[in-house]
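The structure appears below as structure tokens.
Protein chains in written order, with this note's numbering: chain W, 14 to 347; chain F, 26 to 151.
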């Protein structure tokens with residue numbers, strides 16, 4: 014396979030920025046969303062090979078990222094802050110400069126491990142890790158929420174009410190009736206937390222963004238949705254049934270229980286967290302994922318992405334509807 | 026009256042073609058999208074089989090719940106409006122019952138293997 018056209022520029026940047034690296038090899042695309050590209054490569058030199066990751070704007074062009082995504086340089090800043098606080102993250106080794114001619118982005122160390130939920134939840138090599146993960150996630154989240162938010166100036170502040178209004182508006186725009194979503198909105202509106210303290214939150218703490226090894230969580234990835242919000246938001250999001258990947262009775266990510274998540278959270282200095290606050294954000298997260306499925310379908314309907322995947326995902330919003338029904342009405346009516 | 030095959034048979038034939046013949050020839054993103062395509066056709070097949078009954082039941086429940094008539098779309102919009110404007114109590118057992126039954130019928134078509142459906146307390150016990 015031929016090298017992507019930016020490979021020489023990346024090699025120039027990395028050899029200048031990192032001592033001991035004289036060349037790059039094995040540059041390959043890992044994934045790509047609308048808001049970022051992720052590339053894996055090795056930096057080689059006299060001391061051997063260094064496994065690296067490049068995260069940058071698509072095609073190296075600064076783009077209007079989704080309203081909630083932070084700029085890549087901010088993402089790098091938050092990851093460095095998290096690392097200092099003892100949150101497991103991939104080390105950010107270099108933030109791209111304009112002169113690198115690679116667009117906005119950064120280079121980080123490549124952490125080995127697994128992000129695919131079905132393997133983490135079922136494969137034997139993770140059997141010892143699974144019972145420890147909920148508590149570990151709680152500890153990690155407490156550390157994230159304890160970060161000094163004043164160190165990062167350009168994070169969006171999204172209090173619960175603002176986020177509620179945001180999703181209400183998106184849902185209203187699609188003008189398609191979902192009575193279950195209406196009940197969920199009502200339920201949430203009646204319980205909107207009067208949060209006194211807003212903290213830095215990860216914003217997408219779930220399978221896929223957690224690099225896990227047989228020893229537990231090795232790195233928290235994908236910080237592009239980080240913002241200032243209700244810390245319970247992160248704890249509720251990982252409890253959304255969609256992220257349990259079939260292991261529905263293990264509420265936290267399909268691997269653990271809320272009591273362990275809360276115990277880990279308190280252990281690491283997290284304050285005032287309760288199962289009730291987590292439940293609010295589990296309900297909210299489930300509704301959000303349902304509306305996100307509608308949004309992805311809209312990309313198909315509006316013509317910006319005519320893939321069968323974008324069309325079909327619209328029919329997954331009913332998954333969140335049954336989850337909401339199960340949460341809203343836990344007991345069967347006689 | 027259309028000739029044979031039925032639309033259900035046609036959709037099933039295309040799904041089987043994708044699964045048995047096209048997918049083994051494909052790789053990477055294209056193979057993934059072929060899998061999604063086959064699953065989408067399975068949704069269509071289930072909707073052809075179960076959709077008419079599910080819609081008829083939803084319609085009958087909505088009319089009873091709302092005490093008015095209209096199209097299925099109109100009645101769903103009316104229910105949404107009432108929920109939003111407090112025209113129906115959230116703890117009304119008739120509302121819970123309607124939403125549970127309707128949603129179960131939807132997911133049975135869309136994603137019958139989904140855990141939230143498989144383990145729903147609202148599923149009738151066999």
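By construction, the Cβ of each residue, glycine as well, lies at the ideal position given by its N, Cα and C atoms.
message: Please return the same chain residues whose Cβ sits closer than 7 Å to the Cβ of residue 301(W), not counting the five positions on each side in sequence.
response: 180
query: What residues in the region 133-151 of chain F have a beta carbon less than 7 Å from any beta carbon of chain W?
result: 135, 136, 139, 140, 141, 142, 144, 145, 146 and 147
query: Nearest-angstrom Cα distance between residue 266(W) and residue 258(W)?
result: 8 Å
field: Reduced DSSP category for residue 241(W) - H, G, I as helix; E, B as strand; rest coil
entry: strand
- prompt: According to DSSP, is residue 309(W) helix, strand or coil?
  reply: helix
- request: Check whether the Cβ atoms of residue 330(W) and residue 303(W) lie closer than 8 Å to each other.
  value: yes
task: Quick one: measure Cβ to Cβ for residue 13(W) and residue 121(W), integer angstroms, because I've assumed they're closer than 8 Å.
output: The question about residue 13(W) has no answer, for chain W in this structure spans 14 to 347.
query: Quick one: is residue 131(W) buried, meaning 16 or more other Cβ sit within 10 Å of its Cβ, or exposed?
result: exposed
- request: Please check the pair residue 240(W) and residue 214(W), which I expect to be a contact at CB under 8 Å, by giving their CB distance rounded to whole angstroms.
  value: 6 Å
message: So, for residue 221(W): in the same chain, excluding its five sequence neighbours on each side, which residues have a beta-carbon less than 6 Å away from its beta-carbon?
response: 128
task: Determine whether the Cβ of residue 342(W) lies closer than 8 Å to any Cβ atom of chain B.
output: No chain B appears in the structure shown, which is made up of the protein chains W and F.
query: Shorter than 8 Å from the beta carbon of residue 51(W) to some beta carbon of chain F?
result: no
field: Beta-carbon gap between residue 68(W) and residue 119(W) smaller than 8 Å
entry: yes
- prompt: Can you tell me the Cα-Cα spacing of residue 39(F) and residue 61(W), whole angstroms?
  reply: 52 Å
Cα-Cα separation between residue 79(F) and residue 127(F), rounded to whole angstroms: 7 Å
message: Between 121(F), 94(F), 88(F) and 36(F), which has its C-alpha nearest residue 341(W)'s C-alpha?
response: 121(F)
- prompt: Around the C-beta of residue 24(W), are 16 or more other C-beta atoms found within 10 angstroms, so that it is buried, or is it exposed?
  reply: buried
query: Taking DSSP as the reference, what is the three-state secondary structure of residue 218(W)?
result: coil
message: Considering only DSSP beta bridges, list what residue 282(W) is partnered with.
response: DSSP output for residue 282(W) lists no bridge partner at all.
query: When Cβ atoms are compared, which residues of the region 49-64 of chain F fall closer than 7 Å to chain W?
result: 58, 61, 62 and 64
message: Report the CB separation of residue 70(F) from residue 37(F) in whole angstroms; it is logged as a contact under 8 Å.
response: 6 Å
- prompt: Does any CB atom of chain W fall closer than 8 Å to the CB of residue 128(F)?
  reply: yes
- request: Could you tell me whether the Cβ atoms of residue 252(W) and residue 271(W) are closer together than 8 Å?
  value: yes
query: Are residue 238(W) and residue 278(W) touching if we call contact CB-CB under 8 Å?
result: no
- request: With distances taken Cα to Cα, identify the nearest neighbour of residue 246(W) among 216(W), 35(W) and 18(W).
  value: 216(W)
field: Close beta carbons around residue 318(W), own chain, < 6 Å, minus the five adjacent residues each side
entry: 312
query: When you check each C-beta in the region 251-266 of chain W against every C-beta of chain F, which residues fall closer than 9 Å?
result: 254, 255, 257, 258, 259, 260, 261 and 262
query: What residue range is occupied by the uninterrupted beta strand (DSSP E) comprising residue 232(W)?
result: 229-233
task: Can you pull the chain F residues whose beta carbon is under 8 Å from the beta carbon of residue 200(W), in chain order?
output: 115
message: Quick check: the Cα distance between residue 186(W) and residue 308(W), rounded to an integer number of angstroms?
response: 10 Å
query: List, in order along the chain, the chain W residues whose C-beta lies closer than 7 Å to that of residue 108(F)?
result: 192, 195, 196 and 199
message: Once DSSP output is grouped into helix, strand and coil, what is the label at residue 36(W)?
response: strand
query: Roughly how many angstroms lie between the CA atoms of residue 170(W) and residue 35(F), to the nearest whole one?
result: 52 Å
- prompt: Any idea which residues DSSP pairs residue 66(W) with across the strands?
  reply: 53(W) and 121(W)
message: Can you give me the C-alpha to C-alpha distance between residue 96(W) and residue 117(W), rounded to a whole angstrom?
response: 21 Å
- request: If I'm right that residue 124(W) touches residue 232(W) with Cβ under 8 Å, what's the distance once you round it to whole angstroms?
  value: 4 Å
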